[in-house]
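S.K.:
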Amino acid sequence: KSIELLLTTARFIKLCNTGKELSSTATEWSCVKDKDTGLIWESKTEDGTIHDANNVYTWYNPTVTSINGGGGIDNGDADTDSFITNVKLENLCGLNSWRLPTVEELKSLVISEDRPVYDENYFPFTKAPNGGTPAGYWSSEFYTSGAKGIFFVHGLDFSHGTVFPEYTRLVSEEALDPNNRFVKIDKTGKKLKSTATNWSFVYDTETKILWENKINKDNVAQFNSSMPNYSDLEKIHDYDNDYSVNDVSQ
Numbered sequence: 091k092s093i094e095l096l097l098t099t100a101r102f103i104k105l106c107n108t109g110k111e112l113s114s115t116a117t118e119w120s121c122v123k124d125k126d127t128g129l130i131w132e133s134k135t136e137d138g139t140i141h142d143a144n145n146v147y148t149w150y151n152p153t154v155t156s157i158n159g160g161g162g163i164d165n166g167d168a169d170t171d172s173f174i175t176n177v178k179l180e181n182l183c184g185l186n187s188w189r190l191p192t193v194e195e196l197k198s199l200v201i202s203e204d205r206p207v208y209d210e211n212y213f214p215f216t217k218a219p220n221g222g223t224p225a226g227y228w229s230s231e232f233y234t235s236g237a238k239g240i241f242f243v244h245g246l247d248f249s250h251g252t253v254f255p256e257y258t259r260l261v262s263e264e265a266l267d268p269n270n271r272f273v274k275i276d277k278t279g280k281k282l283k284s285t286a287t288n289w290s291f292v293y294d295t296e297t298k299i300l301w302e303n304k305i306n307k308d309n310v311a312q313f314n315s316s317m318p319n320y321s322d323l324e325k326i327h328d329y330d331n332d333y334s335v336n337d338v339s340q
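Start counting at 1 in the sequence shown, then tack on 90, and there's your number in the working numbering.
Here it is in structure tokens:
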């Protein structure tokens, strides 16, 4: 019973290569699901495959043209674009929407002020040396002369030229359930998986109304809010308690 309780309350869930959820005690897994954000993270290994934690890549995105007039450093199989393509072809954990995370998504894995700042039970082989040059992880974000990322030794971000190889940890999202009437939304307006445990708003796909989640005290006032009328309230009278909607914005 205690193990079952742990599995239902833990923030992170281990996934096998097909995307099936595993026990928290599993010793081999391919991805990690974050129930707080709805994100799926690539797991790293030390087996010499493309997921080996020791692999580093130059930052490259062929659709970008503003980094010194280009998209970074095209380095064959040793750049981030090629790595993303190879992981998509592999259909890792049943997903083919793999990408570099944003800086904030990377920082969502920083869960402690003490080292290690990440959960090493779910993210082993993460490069975070205590001495020497900090090991950086690329994000999808860039600027006019380089790209950005974070250091998992302390959780701080960096920005430098794309020619310098760094580590990667790809991220993906589960497909949203088309059968769900309600969609959870974070404070930035991003759609979340129905299993996400931290959300700021709920969007009703039938009425096109955005409801505030009162449980979350960190909502951002970025929408044109109004009090709901009686008809609006009637429409969610039998709503699912999993979504806890009780204030409205249009």
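Glycine is no exception: its CB is placed at the ideal position from the N, C-alpha and C atoms.
Could you check whether the region 276-293 touches the region 202-209, counting it as contact only if at least three pairs of C-beta atoms, one from each stretch, sit closer than 8 Å?
M.R.: No, the region 276-293 is not in contact with the region 202-209.
S.K.: With the cut-off set at 8 Å, would you say residue 214 and residue 261 are in Cβ contact?
M.R.: As a working note, residue 214 is residue 124 in the sequence shown. As a working note, residue 261 is residue 171 in the sequence shown. Not in contact: residue 214 and residue 261 (Cβ atoms no closer than 8 Å).
S.K.: Cutting at 6 Å between CB atoms, please list the residues of its own chain near residue 311, excluding the five before and the five after it.
M.R.: Position 221 of the sequence shown, counting from 1, holds the residue named residue 311. Low confidence applies to residue 311: its pLDDT is 44, below 50, so where it sits in the model is not reliable enough to give any reading.
S.K.: Could you check where the alpha helix (DSSP H) with residue 292 kicks off and where it finishes?
M.R.: Locating residue 292 in the sequence shown gives position 202, where the first residue counts as 1. It is not in any alpha helix (DSSP H) - residue 292 instead sits in the beta strand (DSSP E) that spans 291-294.
S.K.: Verify whether the separation of the beta carbon atoms of residue 236 and residue 228 is less than 8 Å.
M.R.: On the sequence shown, residue 236 is found 146 positions in, with the first residue counted as 1. On the sequence shown, residue 228 is found 138 positions in, with the first residue counted as 1. Contact flag unset, no.
S.K.: Keeping to the same chain, check which residues put their C-beta closer than 7 Å to that of residue 171; ignore five residues upstream and five downstream.
M.R.: Residue numbering aside, residue 171 sits at position 81 when the sequence shown is read from its first letter. These residues qualify, in order along the chain: 150, 151, 152.
S.K.: According to the neighbour-count rule (16 or more other Cβ atoms, all chains shown, within 10 Å of its Cβ), is residue 318 buried or exposed?
M.R.: The residue you call residue 318 lines up with position 228 of the sequence shown. Counting Cβ neighbours within 10 Å, residue 318 comes out buried, since at least 16 surround it.
S.K.: What is the C-beta distance between residue 234 and residue 140, in whole angstroms, given that I count them as a contact (C-beta under 8 Å)?
M.R.: Against the sequence shown, residue 234 aligns to sequence position 144. Against the sequence shown, residue 140 aligns to sequence position 50. Between residue 140 and residue 234 the Cβ distance is about 30 Å, and since that is not below 8 Å, they are no contact.
S.K.: Tell me the residue span of the alpha helix (DSSP H) that contains residue 177.
M.R.: As a position in the sequence shown, residue 177 is number 87, starting the count at 1. Residue 177 -> alpha helix (DSSP H) spans 170-180.
S.K.: Determine the DSSP secondary structure at residue 106, reduced to helix, strand or coil.
M.R.: Counting from one through the sequence shown, the residue named residue 106 turns up at place 16. Coil, per DSSP.
S.K.: Within 10 angstroms of its Cβ, does residue 120 collect 16 or more other Cβ (buried), or is it exposed?
M.R.: Position 30 of the sequence shown, counted from the start, is the residue given in the question as residue 120. Buried: at least 16 other Cβ atoms inside 10 Å.
S.K.: Are the CB atoms of residue 143 and residue 217 within a distance shorter than 8 Å?
M.R.: The sequence position of residue 217 within the sequence shown is 127, counting from 1. The sequence position of residue 143 within the sequence shown is 53, counting from 1. Contact flag set, yes.
S.K.: Which residue or residues does DSSP assign as beta-bridge partners of residue 227?
M.R.: Residue 227 sits at position 137 when you count from the first residue of the sequence shown. Bridge partners of residue 227: 240, 257.
S.K.: For residue 197, report the span of its alpha helix (DSSP H) as first-last.
M.R.: As a first step, residue 197 is located in the sequence shown; it is residue number 107 there, counting from the start. Residues 193-197.
S.K.: Leaving out five residues on either side along the sequence, give the residues of the same chain with a beta carbon under 7 Å from the beta carbon of residue 270.
M.R.: The count along the sequence shown starts at 1 and reaches residue 270 at position 180. For residue 270, where only same-chain residues beyond five positions count, the Cβ hits under 7 Å are 284.
S.K.: Return the Cβ separation of residue 163 and residue 252 in integer angstroms, given the expectation that the two are a contact with Cβ distance under 8 Å.
M.R.: For the purposes of this step, residue 163 is identified with residue 73 of the sequence shown, where counting begins at 1. For the purposes of this step, residue 252 is identified with residue 162 of the sequence shown, where counting begins at 1. Indeed they touch by this definition, with Cβ atoms about 5 Å apart.
S.K.: Note down the Cα distance separating residue 304 from residue 290, rounded to an integer number of angstroms.
M.R.: The residue given as residue 304 occupies position 214 in the sequence shown. The residue given as residue 290 occupies position 200 in the sequence shown. Each residue's Cα considered, the two are about 8 Å apart.
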